[in-house]
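Basically the numbering used here = 1-based index in the sequence shown + 34.
To keep things clear, I will list the structure first and then write my remarks on it.
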Amino acid sequence: MNLKEKIYKWLDGRYKEIIGPRYSIVYVREWKNGAPPKKILIMQDGNYPDTLLFKCPCGCKQDIYLNLLTDTRPCWSFFLSKRKKITITPSIWRKVGCRSHFFIRKGKVKWV
Ligand SMILES: [Zn+2]
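Next comes the structure, spelled out in structure tokens:
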């Protein structure tokens, strides 16, 4: 990759960050439909949240489910800032479809 291409790639990444969705959170007991735009659903049936659900930020319209239960792999965890902005760890890497790889930090998408 030459310098010009590198710059374009970098700019593209920044652009996606700026225009990308900023997610807010919603707690739900159950959810049967697809994820609403710009929302991360925190699904909790028992005492602890068990699943996160949100739309892929790349625009492919796929729903992403993340398991939060530590006895099942793979599993993710999340925490909320004082202003209820969600951070999810580790990164999210779709192995199918668009193959997007990104972090969600304080409700914002950071592309890898
Ligand atoms: Zn996608």
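In this text, a Cβ means the ideal position worked out from N, Cα and C, and glycines have one as well.
Problem - Sheet register partners of K140 (DSSP bridge) - result: K140 has no beta-bridge partner at all, per DSSP.
Practice task
Note down the Cα distance separating K43 from G80, rounded to an integer number of angstroms.
Solution key: Rounded to the nearest angstrom, the two C-alpha atoms are 44 Å apart.
Problem - Residue of K66, E64, I76, K95 minimising C-alpha distance to R133 - result: The residue with the shortest Cα to Cα distance from R133 is K95.
Problem - beta strand (DSSP E) segment containing D97, residue limits - result: Here the beta strand (DSSP E) through D97 covers 97 to 101.
Handout entry: DSSP beta-bridge partners of L86
Key = Looking at the DSSP assignment, L86 forms a beta bridge with I76, L100.
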